[in-house]
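Q: In the UniProt record's numbering, the protein residues as written are 1 to 92.
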Amino acid sequence: MLSQVVTNQARQQRENQHEVADTSRIREFLRMNPPSFTGSSVTEDLENFVEELQKVFKIMHVIDPERVELVAYQMKGVARIWPSWGISSPEN
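Here's what the structure looks like:
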């Protein structure tokens with residue numbers, strides 16, 4: 001019984017530390033003033049958006065799985081719903 005309580009407390013502490021680290025990482029990313037992308041204007045340059053984010057990621061030493069999560073913070077308007085359109089690949 002006691003060992004289960006200790007195990008649960010340790011797990012909870014790790015989860016809390018992970019949440020704090022995630023929040024700190026997001027704050028750090030947003031402080032870098034990364035560009036946003038709406039996808040609603042033909043004058044928006046997607047390639048420039050990607051290049052600028054890659055610069056930020058390089059400075060912050062961001063790994064690929066984190067990049068996806070952080071990019072989601074910078075997708076605005078129409079661009080934010082692109083993934084939900086469910087566009088099928090040619091195989092489907």
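C-beta atoms are modelled at their ideal positions from N, C-alpha and C, and glycine is treated no differently.
Inspect the CB distances between the region 62-69 and the region 38-47 and report whether three or more fall short of 8 angstroms.
A: no
Q: Of all the alpha helix (DSSP H) runs that stay within the bounds of the region 14-81, which reach a length of 4 or more residues?
A: 46-60, 64-74 and 77-81
Q: How many angstroms separate the CA atom of Lys-76 from the CA atom of Ile-63?
A: 22 angstroms
Q: Going straight from the alpha carbon of Asn-33 to that of Arg-25, what length do you get?
A: Each residue's CA atom was taken as its position, placing Asn-33 and Arg-25 some 13 angstroms apart.
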